[in-house]
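K.L.:
Numbering (the working numbering), first residue to last: 350 to 488.
Backbone N, C-alpha and C define an ideal beta-carbon position, used for all residues, glycine too.
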Amino acid sequence: MISPNHETDLLIWSVRRVVGAGEWLLQELSDHGHADECCEGPADALAGALVDLPRQLAQFTLYSDGRPIVSYIDVDDGAMEFFTLWPPHPADVPTGPWEELPTAVAPHRKHGDRGYVVVGWDPATFSGSVRYIEPLRVV
Ligand SMILES: [Zn+2]
Numbered sequence: 350m351i352s353p354n355h356e357t358d359l360l361i362w363s364v365r366r367v368v369g370a371g372e373w374l375l376q377e378l379s380d381h382g383h384a385d386e387c388c389e390g391p392a393d394a395l396a397g398a399l400v401d402l403p404r405q406l407a408q409f410t411l412y413s414d415g416r417p418i419v420s421y422i423d424v425d426d427g428a429m430e431f432f433t434l435w436p437p438h439p440a441d442v443p444t445g446p447w448e449e450l451p452t453a454v455a456p457h458r459k460h461g462d463r464g465y466v467v468v469g470w471d472p473a474t475f476s477g478s479v480r481y482i483e484p485l486r487v488v
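1) I believe Pro446 touches Asp471 by the beta-carbon criterion, under 8 Å. Please report the beta-carbon distance rounded to the nearest angstrom.
2) Tell me where the alpha helix (DSSP H) around Leu411 begins and ends.
3) Taking C-beta to C-beta, are Val454 and Val466 nearer than 7 Å?
4) Does the stretch 354-367 touch the stretch 403-423, meaning 3 or more C-beta pairs lie closer than 8 Å?
5) Assuming contact is defined by CB atoms lying nearer than 7 Å, are Phe475 and Pro436 in contact in what I supplied?
6) Would you kindly check if the distance between the Cβ of Leu395 and the Cβ of Gly371 is under 7 Å?
7) For Asp425, which residues of its own chain have a beta-carbon under 6 Å away from its beta-carbon, when the five flanking residues on both sides are left out?
8) Closest to Tyr481 by CA distance: which of Pro443, Thr444, Glu449 is it?
9) Please find out if some non-hydrogen atom of ligand 1 comes closer than 6 Å to the beta-carbon of His383.
10) Indicate the three-state DSSP secondary structure (helix, strand or coil) for Ala440 in the structure shown.
11) Leaving out the 5 sequence neighbours to the left and right, which residues in its chain are closer than 6 Å to Gly469 when beta-carbon positions are compared?
12) Report all residues from its chain with a CB closer than 6 Å to the CB of Val419; omit the five preceding and five following residues, and keep chain order.
13) In the DSSP assignment, what are the bridge partners of Thr433?
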């Protein structure tokens, strides 16, 4: 669905950022042992407030000017998925392609043993690309 107007564009972008930050915070709370103890109440409240948003956000695929809101790329035969959230203001779209920091491919035995992927995004096509970096060989 195309967003009906620029005000909705801004709302979609803001809510997507809230969901991303909220999910990150919940993961950190869990990883640090807060989810079961001191912070259980607010963590549960946040999780409840976020639960329907990804499905509701997914209804909107295009900004009101027709640009994609989010682009995705599958990596490692679908084992990993990367995405980028495009800015709601056309003037804020980067003028040229860029690359993200390298990410380790899911390892066999230890971090980095299957190498790394570098995801790039091209604002001319709103599409992603991937290049692989071979694992470091210790001699
Ligand atoms: Zn806590």
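P.N.:
Concretely, from the data shown:
1) Indeed, because the Cβ distance is near 4 Å, the residues count as touching under 8 Å.
2) Unbroken run through Leu411: none, as it is neither H nor E.
3) For Val454 and Val466, yes; Cβs fall inside 7 Å.
4) Touching, yes, given that three or more Cβ pairs across the two stretches are closer than 8 Å.
5) For Phe475 and Pro436, no; Cβs fall outside 7 Å.
6) In this structure, Leu395 lies closer than 7 Å to Gly371 by Cβ.
7) Take Asp425, set aside five residues on each side of it, and the residues of its chain with a beta-carbon closer than 6 Å to its own are Val454, in chain order.
8) The option with the nearest alpha carbon to Tyr481 is Glu449.
9) Flag set: Cβ of His383 near ligand 1.
10) The answer is helix: DSSP assigns Ala440 an H, G or I state.
11) Pro446, Glu448, Ser478, listed in sequence order.
12) Setting aside the 5 residues that flank it on each side, Val419 is surrounded in the same chain by Phe432, Leu434, each with a C-beta closer than 6 Å to its C-beta; the list follows chain order.
13) DSSP, once it has assigned bridges, lists Ser420 as partnering Thr433.
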